[in-house]
Amino acid sequence: MLVADKLQFAYPGASPYSFSLLAHPGTVTAISGASGSGKSTLLDLLAGFLAPGAGRLALDDVNLLPLPPERRPVSLLLQSDNLFEHLSAADNAELGLARDLPRQERRAKVAEALAQVGLAGFEAKPASMLSGGQKQRVALARTLLRDRAVLLLDEPFSALDDETRGTIRNLVADLTAQQRWHTILVSHHGDDIAALATSHYRLEAGRLQRA
Ligand SMILES: Nc1ncnc2c1ncn2[C@@H]1O[C@H](COP(=O)(O)OP(=O)(O)OP(=O)(O)O)[C@@H](O)[C@H]1O
2 MLVADKLQFA
12 YPGASPYSFS
22 LLAHPGTVTA
32 ISGASGSGKS
42 TLLDLLAGFL
52 APGAGRLALD
62 DVNLLPLPPE
72 RRPVSLLLQS
82 DNLFEHLSAA
92 DNAELGLARD
102 LPRQERRAKV
112 AEALAQVGLA
122 GFEAKPASML
132 SGGQKQRVAL
142 ARTLLRDRAV
152 LLLDEPFSAL
162 DDETRGTIRN
172 LVADLTAQQR
182 WHTILVSHHG
192 DDIAALATSH
202 YRLEAGRLQR
212 A
């Protein structure tokens, strides 16, 4: 279980935040809140891009706060701009893998991950030639290869049309359950939250309230 307990943070001269939440493995926890309420700030604290002044952040009782972002068991998927446009789908996905694996093994794992997100045969396609939905699939394949226990999603479906949105949403639900990820979904969209989340917090006045 991922536990944030009274994580404190304040930008200079602004009111402080105090974030507490629980997220269970294999489930999606949604965070909603008005623009400027602090959702990105919360994700930055979880990912380690910001350091809290006080509080606790632990995954299965392991304290995450001393760990720099690259050593946290966390991956991040944004609304868009997740890929290097000049690299192929396979090369983008492969960025999720440890570099010390033999090349052949890396390629096999990448092909398997791309197939799992419905992109078998797309290995050599440059990212610049993929649709928005295909790009999010490649980003999910990379996340799958990275396989960190916590997945942070910041409005990951917003740039997608309705049909693609449903498909990518199902993929996130399936991968979360299959990999036992603790998925945190920041979203303004009630339908995404209703479709995916097993728990839902609203961020208001610097605190997370169960919705
Ligand atoms: N580096 C910073 N320095 C000072 N204030 C900041 C900084 N980054 C964000 N803020 C302020 O902190 C508040 C929360 O910002 P944050 O980006 O976390 O909100 P958000 O809920 O993610 O907003 P949105 O939904 O619009 O993306 C806002 O008032 C913002 O202006």
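Numbering of the sequence shown is given in my numbering, commencing with residue 2 and proceeding in unit increments. Don't be surprised by glycine CBs; every beta carbon is placed ideally from N, CA and C.
- When DSSP reads this structure, Ala55 sits in a beta bridge with Gln9.
- Chain-ordered, the residues whose CB falls short of 5 angstroms from any heavy atom of ligand 1 come out as Tyr12, Ser36, Gly37, Ser38, Gly39, Lys40, Ser41 and Thr42.
- Taking Pro26 as reference, the option from Gly34, Gly37, Val4 and Lys40 with the minimal CA-CA separation is Val4.
- Burial state of Ala35 is exposed, judged by a 10 Å Cβ sphere holding fewer than 16 other Cβ atoms.
- Contiguous beta strand (DSSP E) elements confined to the region 76-159 occur at 151-155, taking only those with 3 or more residues.
- Straight across, the Cα-Cα distance linking Ala198 with Val75 is about 19 angstroms.
- In the three-state reduction of the DSSP assignment, Arg72 falls in the helix class, which pools H, G and I.
- Straight through space, the alpha carbons of Leu209 and His201 are spaced by roughly 9 angstroms.
- If you look at Ser41, you'll find it isn't in any beta strand (DSSP E); it sits in the alpha helix (DSSP H) that goes Lys40 to Ala48.
- Apart from the 5 residues on each side of it in sequence, Ala140 sits with its Cβ closer than 7 angstroms to the Cβ of Leu78, Asn83 and Leu84 in its chain, given in chain order.
- About 27 angstroms separates the beta carbon of Val111 from that of Leu47, a gap too long to meet the 8 angstroms contact definition.
- With fewer than three CB-CB distances shorter than 8 angstroms, the region 155-173 does not count as touching the region 92-112.
- Rounded to whole angstroms, Arg104 and Arg170 show a C-alpha spacing of 31 angstroms.
- Sixteen is the threshold: when 16 or more other Cβ atoms of the shown chains lie within 10 Å of the Cβ of Asp193, as they do, the residue is buried.
- In summary, Arg143 is buried, with 16 or more beta-carbon neighbours lying within 10 Å of its beta-carbon over all protein chains present.
- Between the beta-carbon of Leu161 and that of Ile32 there is about 19 angstroms, and that puts the pair past the 8 angstroms contact cut.
- Here His183 is buried: its Cβ has 16 or more other Cβ atoms, across all protein chains shown, within 10 Å.
- Under the three-state reduction of DSSP, Thr168 is assigned to helix.
- The continuous alpha helix (DSSP H) containing Ala196 extends over residues Gly191 to Leu197.
- Of the residues Arg72, Glu86, Pro127 and Arg147, the one whose Cα lies closest to the Cα of Arg107 is Arg147.
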